[in-house]
Amino acid sequence: MATKTKPIPDGHHTLSPYLTVRGASDALEFYKKAFGATELCRLNMPDGKIAHGEFKIGDSIFMISDENPGCSSTSPEALGGSPVTLHLYVTDADATFADAIEAGAKETMPLDNQFWGDRMGGLVDPFGHNWLIATHVEDVDPSEFQSRMEACFAAKTA
Numbered sequence: 000m001a002t003k004t005k006p007i008p009d010g011h012h013t014l015s016p017y018l019t020v021r022g023a024s025d026a027l028e029f030y031k032k033a034f035g036a037t038e039l040c041r042l043n044m045p046d047g048k049i050a051h052g053e054f055k056i057g058d059s060i061f062m063i064s065d066e067n068p069g070c071s072s073t074s075p076e077a078l079g080g081s082p083v084t085l086h087l088y089v090t091d092a093d094a095t096f097a098d099a100i101e102a103g104a105k106e107t108m109p110l111d112n113q114f115w116g117d118r119m120g121g122l123v124d125p126f127g128h129n130w131l132i133a134t135h136v137e138d139v140d141p142s143e144f145q146s147r148m149e150a151c152f153a154a155k156t157a
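Residue 0 is where the sequence shown starts when you use my numbering, and the numbers rise one by one after that.
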């Protein structure tokens, strides 16, 4: 009896980020050191660049490739930055943030407890992608979000 092919493969979620970078092999090594990524597969082009790769961080699968302008695939470096930010929940934001900095990321926002209940900080990886690293530390009633945000902004302008 033939098995039915699943429309979403096992282990994948409905939405998966696909990162394009200069130096995808180096990027995979960075993601392993910074975020504990596990490489799942890699397809190399004849020149050795990665045509397609997949890696897993936590329970999420990401895809990656080297930039290929001939295929409309450009990196953040070619574009002068990225408007996209990847949000990564981890069990210990401080440890993961430190690992990412040690692996070569640059801080864009210091780690701090945020009004919505996360301890979060921002990074840009060596390949131009923006990351928010967070651990949920407080369950905040959604009815408090607006007043907490206003208090946060008032404290910053005081």
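Every residue, glycine too, gets a C-beta built ideally from N, C-alpha and C.
In terms of residue numbering, what span does the alpha helix (DSSP H) encompassing Ala94 cover? Ala92 to Ala102
Can you give the beta carbon distance from Arg41 to Gly57, rounded, assuming they're within the 8 Å contact cut? Arg41 to Gly57, Cβ: 20 Å. No contact.
Is it the case that the Cβ atoms of Gly120 and Leu110 are separated by a distance below 9 Å? yes
Quick one: residues in its chain with C-beta nearer than 7 Å to the C-beta of Ser81, no 5 flanking neighbours on either side, listed in chain order? Pro75, Gly127, His128 and Asn129
Closest to Phe54 by CA distance: which of Ser72, Ser24 and Ala94 is it? Ser24
According to DSSP, Ile60 sits in a beta bridge with which residue or residues? Lys55
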